[in-house]
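Here's the structure, in structure tokens; my notes come after.
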Amino acid sequence: TASKSNNFVAKIVQEDLDSGKVTKVVTRFPPEPNGYLHVGHAKSICLNFGLAEQFQGECNLRFDDTNPEKESQEFINAIKEDVQWLGFQWAGDIRYSSDYFDTLYDYAVALIKDGKAYVCNLTPEQADEYKGDFNRPGKNSPYRDRSVEENLTEFERMRAGEYEDGKAVLRAKIDMQSPNMNLRDPIMYRVRHVEHHQTGDKWCIYPMYDFTHGQSDAIEQVTHSVCTLEFEDHKPLYDWYINNLPVPAKPTQYEFGRLNLNYTVTSKRKLKRLVDEQVVAGWDDPRMTTISGMRRRGFTPASIRNFCDMIGVSRSDGMVDVAMLEHALRTDLNNNAPRGMAVIKPLKVVIENLAEDHLEMLSAEYHHELDLGTREMPFTRELYIDQEDFKEEYSKKFKKKFTPGKRIRLRHSYVLEATSYEKDEQDNVVLVRAKLIENTLGLDPEDGDKPKGVVHWVSATHSKEAELRVYSRLFTSATPEKEEGDFMDHVNKDSLQITTAFIEPALADVAPESNFQFEREGYYVADRYDHSAEKPVFNLTIGLREDKSL
Ligand code: ATP
Ligand code: MG
Ligand code: MG
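With the sequence shown counted from 1, adding 11 to any position gets you UniProt numbering.
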């Protein structure tokens, strides 16, 4: 399924292959297991796995697990599932940065022996003061000139648990005057007396991201280490470690623009607040732009991959209009989703020239172009149509509607003619009487009086009742993060409405996660967890037209 991309990273990879600099392309997708993946990660997944596919290389899935207190096995499992659901498979086994903790420790010792790293005992506040800022050069730590011997002993003491959290760090000796803050003797290791989900209580010191990432890339023979733009300033440090350590390869970092999408937030930290503060029911709530939330909402893997193709990859962070995501989704569902019928605002129609117990099974194709099979629809004396499809009086504007004396075609079924109707005390039409026009299954009426409109319907006696979960946008602002105050103040309090619909019986029997177009109503999906034949539950994925947005 690899589509040929011609983004700037793909061009670099092609050049490297052409020049012989690289013979086999190896990329990696390196999530930290501190939350669920979101639509922004999908862009990174499509890019990294896409490059590997396009150039017959490999892409690793590596958990960047250097902050154990925020990470968990739950997140690891969810991330693996999301990557595979999107249609990608990592090369070989799952990798963890923690697989390399021993090697990284040895690298740190090598750097100390070279006189390029030292243990520093400044308090975090002092260290901040010594570090300076953009306008102020830093000052050397008083611990900077410790001997190699002393540093080796001190680092060993750190590892042995002789320091409390925050009392000692290992730092690279680079340049406290550098205009790049990342080079002002960055921390390599800090003390954290916490259990790690992979290494248990083996370690009480953990390496920093910057000291871990490039070396892990080198160990895995990654050729193109692609990350988002905020790491641009870290590249000199990435290269410094690679050039100063006995690593087995020299990977190169490339940066691309992160995906920001309006009407949502794309940051795990913020998505976590929506979960923790119970604005949504969980990380995979259908309103969340997490991959698992989008999955439950009814997105298909292809729709997300196509969206990532559409937005492309560039060197700048842009805001993408959620309409593009909706377009990719609607296009995929329009092309591929089976059709079915559900009546949301039911109006009963009684066909008076049919017997009380009339039951005829009509066969209908699930899709007008694709071969998605057929289902049987019970056709009976009493039906439901949508309230909007009946008008008390004929008018040109409503010539496609059902009106006394006028005809309508029932989708995949016969032509009816309305004869009379009943109203309740509130003046609502509650029942329509009609007669069936003979010989109109797939045929025009013999008398030449053709119906103008086609409506969806279900049997009133043989349909099933389904719960519909109708979702709308989670935020009222297009840019909740840019509003004054807290982005949480711009949550849409009304983003879920629960209603019911009468559905064809065949739709009750479908597997969870089956996508449908409910004809003339919208795209719906059988809920991944709550749908069953006994209690059908469908989520609104998206409306049929652009004016009905996510
Ligand atoms: P967050 O800020 O949401 O926590 P992160 O960058 O810390 O995201 P990681 O788990 O470290 O999350 O990300 C794994 C990979 O996904 C990284 O290479 C990162 O650059 C990329 N990534 C994360 N968010 C986006 C985004 N919005 N657009 C594109 N790539 C992203
Ligand atoms: Mg990160
Ligand atoms: Mg983060």
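Glycine residues also receive a C-beta, built at the ideal position from the N, C-alpha and C atoms.
(request) To the nearest angstrom, report how far apart Asp287 and Thr510 are at their CA atoms. (result) 26 Å
(request) Please find out if some non-hydrogen atom of ligand 1 comes closer than 6 Å to the beta-carbon of Glu43. (result) yes
(message) In whole angstroms, give me the CA-to-CA distance for Lys407 and Pro491.
(response) 45 Å
(request) Please state if the CB of Lys475 and the CB of Pro547 are separated by a distance shorter than 7 Å. (result) yes
(request) With a 10 Å radius around its C-beta and 16 neighbouring C-beta atoms as the bar for buried, classify Met388 as buried or exposed. (result) buried
(message) How far does the alpha helix (DSSP H) with Phe267 in it extend, from its first residue to its last?
(response) That residue, Phe267, is in no alpha helix (DSSP H); its beta strand (DSSP E) goes Thr263 to Phe267.
(request) May I have the straight-line CA-CA distance separating Ser560 from Asp343, to the nearest angstrom? (result) Note that Ser560 scores 47 on pLDDT, short of 50, meaning its location in the model is unreliable and no value can be drawn from it.
(request) Using beta-carbon positions only, say whether Arg182 and Cys238 come within less than 7 Å of one another. (result) no
(message) At a threshold of 6 Å, does Leu270 count as lining ligand 1 (C-beta to nearest heavy atom)?
(response) yes
(request) Please report the Cβ distance between residue 626 and Tyr432, rounded to the nearest whole angstrom; I am assuming they are in contact, meaning their Cβ atoms lie under 8 Å. (result) Nothing about residue 626 can be reported from this structure: the residues present for the chain run from 12 to 561 only.
(message) Taking only three categories from DSSP, how would you classify Asp29?
(response) helix
(request) Name the residue from Glu428, Glu478 and Leu485 whose alpha carbon lies nearest to the alpha carbon of Tyr535. (result) Glu478
(message) Please tell me whether, using a cut-off of 6 Å, the distance from the CB of Thr263 to the nearest non-hydrogen atom of ligand 1 is below it.
(response) no
(message) Could you compute how far the alpha carbon of Pro349 sits from the alpha carbon of Asn526?
(response) 7 Å
(message) Quick check on this structure: which residue in Asn273, Leu365, Arg280 and Met352 has the alpha carbon closest to the alpha carbon of Gly329?
(response) Asn273
(request) Could you check which residue in Ala179, Glu165 and Phe409 has the C-alpha nearest to that of Ala138? (result) Ala179
(message) Here's a check: name, in chain order, each residue in its chain whose Cβ is nearer than 7 Å to the Cβ of Ala102, leaving out the five neighbours to either side.
(response) Glu69, Cys70 and Asn71
(message) Once the 5 residues before and after Ile322 are set aside, which same chain residues still bring their CB inside 6 Å of it?
(response) Val331
(request) Counting only the same chain and skipping the five closest in sequence on each side, list residues whose C-beta sits under 7 Å from that of residue 8. (result) Outside the shown range of the chain, which is 12 to 561, sits residue 8, and nothing can be said about it.
(message) Which of the three DSSP states is assigned to Trp468 in this structure?
(response) strand
(message) Using a Cβ-Cβ cutoff of less than 6 Å, which residues in the same chain neighbour Val441 once the five nearest sequence positions on both sides are dropped?
(response) Glu433 and Asp435
(request) With DSSP as the reference, label Thr12 as helix, strand or coil. (result) Legend: pLDDT at Thr12 = 45, less than 50; position of this residue unreliable, no value from coordinates given.
(message) So Arg157 and Tyr129 are supposed to be a Cβ contact under 8 Å. How far apart are they, rounded?
(response) 5 Å
(message) Let me check you understand the geometry: is the CB of Cys70 closer than 6 Å to at least one non-hydrogen atom of ligand 1?
(response) no
(message) If I follow the unbroken alpha helix (DSSP H) through Asp343, where does it start and stop?
(response) Val333 to Asn347
(request) Look at the alpha carbon of Arg284 and the alpha carbon of Gly46, and state the distance between them as a whole number of angstroms. (result) 11 Å
(request) With Gly304 as the anchor, note down where its alpha helix (DSSP H) starts and where it stops. (result) Ile302 to Arg308
(request) Take Lys461 as the anchor and find which of Ile448, Ala53 and Ala63 has the nearest alpha-carbon. (result) Ile448
(message) Just to confirm, is the Cβ distance from residue 4 to His49 under 7 Å?
(response) The question about residue 4 has no answer here: the residues shown for the chain are numbered 12 through 561.
(request) Within 10 angstroms of the Cβ of Glu457, are there 16 or more other Cβ atoms? Answer buried if so, exposed if not. (result) exposed
(message) Tell me the DSSP secondary structure of Phe549 in three-state form.
(response) strand
(message) If contact is defined by three or more beta carbon pairs under 8 Å, each pair taking one atom from either stretch, is the segment 231 to 250 in contact with the segment 261 to 277?
(response) yes
(message) Are the CB atoms of Tyr395 and Ala471 within a distance shorter than 7 Å?
(response) yes
(request) Give the single residue among Gln65, Leu551, Arg106 and Gly143 whose Cα lies nearest to the Cα of Ala353. (result) Leu551
(request) Determine the closest residue to Ala339 out of Arg39, Gly453 and Arg556, with distance taken between C-alpha atoms. (result) Arg556
(message) Using only CA atoms, which one of His473, Val37 and Tyr154 lies nearest to His235?
(response) Val37
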